[in-house]
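Novice:
Residue numbers (the numbering used here): 2 to 379.
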């Protein structure tokens, strides 16, 4: 036998690389995903602003409820005192029994309102705890010298322009529109050809018992152009679907922009109204206190009846409560205005916190001031 054996072994290995050179659909899909990421970031910033606003609103709702309880208790105490005086006057024959009944009915009504106010305070505390995760032991009050300044700049058009540029709701809607437009381009690109570069390298080794090892290598590079001629109508259907989504995104953006513009102007007017209302109510407190003192004096000499005294008591404490509410409304509406303009940030809460103090007294401080108008007779 000439050869000891005719068996041999072949070893083959290689590598192949493919690099897309032109795929418009993939590029526009990537662009759409980038816009969607930006829209998600805008939604996150909007949620952060909303959390700031929700926490501030819940906090001042607790202060508002505390002031309501304070005025309700003060009203109940004052009317109870009038009721007891009415009974004493009736016992000595100075007034009719109807005035005692009027005082008792007013006292019962004030007591029920105080009970309801206590419950509202507990509910407000629960809402704040839901957001913060804890029940605050002591609430810091808004200082009496807290400035109620008008918005700067004092031009609603400037606020509106800032809102159109920076409001996160508008930014999110705009990015969604950009993403929809990019997705439409990607759908249309289904009709375009694709170009790919392919490169491969291969080595082959042959071994035999008699022959020496033989090796062979091969390198190949190629360009592949694919032209879609017919895809069953799927591409065209996808284009129609994406075009509809673009229309929806355009309408959402226009609606959001109009809503933000109207809301910004409304909040600008509301903040200015809060400033004027608080100033007017501050004077109303003095007027109501003067009227209350005069009505009490008239009742003592018999020129006023118990109903007039009770009405004056209620009016005075309502003025106190309304003034406190006007200050809280100013704070919340100012934060809402900044949110509408897209400028609300955690720094606003820090600045606001500097005007809160545990030593600051609430509405009871106003009630104890007892400022009255000068006697017009003097």
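Ideal placement from N, C-alpha and C gives every residue a C-beta, glycine not left out.
#1: For a test of the three-state rule: what should DSSP assign to residue 19, helix, strand or coil?
#2: Taking residue 320 as the reference, which of 279, 202, 205 and 133 has the closest Cα?
#3: Curious, which full-length alpha helix (DSSP H) runs of at least 4 residues does the segment 306-350 contain?
#4: Is residue 96 buried or exposed, if buried means 16 or more other CB atoms sit within 10 Å of its CB?
#5: Could you compute how far the alpha carbon of residue 289 sits from the alpha carbon of residue 41?
#6: From the DSSP output, in three-state form, read off residue 216 for me.
#7: Do three or more CB pairs link the segment 155-168 to the segment 10-20 at distances below 8 Å?
#8: Report the option in 69, 198 and 350 whose CA atom is closest to the CA atom of residue 335.
#9: Out of 153, 108 and 29, point me to the one whose CA is closest to residue 180's CA.
#10: Who are residue 203's beta bridge partners in DSSP?
#11: Please report the straight-line C-alpha distance between residue 276 and residue 269, rounded to a whole angstrom.
#12: Name the DSSP beta bridge partners of residue 264, please?
#13: Pull up the DSSP beta-bridge partners for residue 225, would you.
#14: Expressed to the nearest angstrom, what Euclidean distance is found between the alpha-carbon atoms of residue 220 and residue 203?
#15: If you draw a straight line from the alpha carbon of residue 333 to that of residue 341, how long is it in whole angstroms?
#16: Whole angstroms are fine: how far does the CA of residue 365 sit from the CA of residue 71?
Specialist: This is what the structure holds:
#1: If DSSP states are grouped into helix, strand and coil, residue 19 belongs with the strands.
#2: Considering only alpha carbons, the answer is 279.
#3: Counting only runs of at least 4 residues, the segment 306-350 fully encloses the following alpha helix (DSSP H) elements, listed from N- to C-terminal order: 307-342.
#4: The residue is buried, with at least 16 neighbouring Cβ atoms inside 10 Å.
#5: Their Cα atoms are separated by approximately 53 Å.
#6: Strand.
#7: They do not touch, by the three-pair rule.
#8: Checking every option, the nearest Cα to that of residue 335 belongs to 350.
#9: Comparing Cα positions, the closest option is 29.
#10: The partner list for residue 203 (beta bridge, DSSP) reads 15 and 219.
#11: For residue 276 and residue 269, the gap between their C-alpha atoms comes out near 11 Å.
#12: Paired residue(s): none; residue 264 is not in a bridge.
#13: DSSP output for residue 225 lists 197 as bridge partner(s).
#14: Approximately 6 Å, taken between the alpha carbons.
#15: Taking C-alpha positions only, residue 333 is separated from residue 341 by approximately 12 Å.
#16: If you take the alpha carbons of residue 71 and residue 365, they lie about 7 Å apart.
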